[in-house]
Amino acid sequence: MPAITRLISRAVTATALLGLLLWLGLGSIALHAQPVDSTAAVIDTLVATDSLQAIPGDSTGSAVLDSLIRAAGGFDPLPGDPGDSLGRAQAATKQQRYADSLRATSDLKAPVTYQAADSIVFDVGQGILFLYREADLKYEEIGLKAREVQVNLDNQTLYANGVPDAEGKLQGKPEFSQGGETYHAKTVAYNFATQKGRVTEGRMIQSGNYIIADTAKYQPDGSFHGKNGKFTTCDAEDPHFYIRSRRLKVLPDQRLIS
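Residue numbering for the sequence shown follows my numbering, starting at 1217 and increasing by one per position.
Below you can see the structure in the form of structure tokens.
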């Protein structure tokens, strides 16, 4: 009996040890099979789907700026741009000549064509057209060239003048022509409606003759009325010889009355 008892005791002990080993093994497997910490998983998920990293550009940054640039016709207002819109417009106007035609009001019988080498500006509030540098204007038989020209569309008048250079010498003096006659002057004013004009320091060329006057008025019939005038055939700006007259009148048939 004692021998049988010892065998049974050994068998129970072996079974208990086997059970303990099995329990420890399953526990170890269970420990290794536990999922990754939920907090770490959430962090990984946020990083993987970060909306800030997924957006190609800030909606208030370059993307919107690009759209504004496109809407503005390609002009980039950033400091890297070669110049602002005004400077670029002025540079463009200096590189090309402008031509346009205009019927100011229904009272004008024909279009007014004009161009300028530097710029053309229209003041909508005052209804005045400004032509700068090498201005060239034509209306029916009238031609006008000057450094600067202003056309008032409301009262149908124009005014032209030269501009002094650094030495004070007047450049781009107005040159007014009509009916085959040409007037050079310091200033020219003309009314489209009345067809009357006025010049200061005027000089008219007529068939090789020069009529000079401090002030002169041009009449619709083509006559020329001058004050403090000179008549000469000398083409010098300050003629070497001349006939002086306080008042003179030049008729369209080339007659001179003094």
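Every residue gets a Cβ at the ideal spot worked out from N, C-alpha and C, and that includes glycine.
For residue i, three-class secondary structure by DSSP
i: Ala1326; result: coil
i: Val1367; result: strand
i: Tyr1458; result: coil
i: Glu1453; result: coil
i: Arg1471; result: coil
i: Val1340; result: coil
i: Ser1439; result: coil
i: Gly1418; result: strand
i: Lys1385; result: coil
i: Lys1354; result: strand
i: Ala1333; result: coil
i: Ala1432; result: strand
i: Pro1507; result: There is simply no residue 1507 to check, as the chain begins at 1217 and stops at 1474 in what is shown.
i: Thr1410; result: coil
i: Gln1372; result: coil
i: Gly1396; result: coil
i: Ala1362; result: strand
i: Lys1402; result: coil
i: Gly1445; result: strand
Assigned exposure category for residue i - 16 Cβ within 10 Å defines buried
i: Gly1395; result: exposed
i: Ile1336; result: buried
i: Val1379; result: exposed
i: Ala1401; result: buried
i: Val1475; result: Here the chain covers residues 1217 to 1474 and nothing more, so residue 1475 does not appear.
i: Gly1384; result: exposed
i: Ile1459; result: exposed
i: Ala1429; result: buried
Beta-carbon proximity check, residue i vs residue j, cutoff 8 Å
i: Glu1453; j: Gln1422; result: no
i: Phe1440; j: Val1404; result: no
i: Gln1387; j: Arg1363; result: yes
i: Ser1461; j: Gly1445; result: yes
i: Phe1392; j: Val1415; result: yes
i: Gly1418; j: Tyr1399; result: yes
i: Leu1374; j: Tyr1348; result: no
i: Gly1413; j: Lys1389; result: no
Own chain, CB closer than 7 Å to residue i, minus 5 neighbours either side, in chain order
i: Tyr1355; result: Ala1326, Val1328 and Phe1408
i: Leu1324; result: Gln1372 and Phe1408
Other residues of its chain near residue i: CB distance less than 6 Å, five sequence neighbours each side excluded
i: Ala1308; result: Note on Ala1308: pLDDT 44, under 50, position unreliable in the model; the coordinate value appears next. Around Ala1308: no qualifying Cβ.
i: Gln1411; result: Pro1436
i: Thr1431; result: Thr1416 and Lys1443
i: Pro1455; result: Thr1448
i: Tyr1473; result: First, the amino acid is wrong: residue 1473 is Ile here, not Tyr. If we look at Ile1473 and ignore the five residues flanking it on each side, its Cβ neighbours are Lys1465.
Cβ separation of residue i and residue j, assumed to be a contact under 8 Å, to the nearest whole Å
i: Glu1357; j: Ala1333; result: Actually they do not touch by this definition, with Cβ atoms about 24 Å apart.
i: Leu1360; j: Leu1345; result: Wrong, their Cβ atoms sit about 13 Å apart, outside the cutoff.
Beta-carbon contacts of residue i that lie in its chain and below 8 Å, excluding the five residues immediately before and after
i: Gln1366; result: Ile1344, Leu1345, Phe1346, Leu1347, Leu1374, Tyr1375 and Ala1376
i: Cys1450; result: Tyr1426, His1456, Phe1457 and Tyr1458
i: Asp1469; result: none
i: Phe1338; result: Ile1344, Leu1345 and Phe1346
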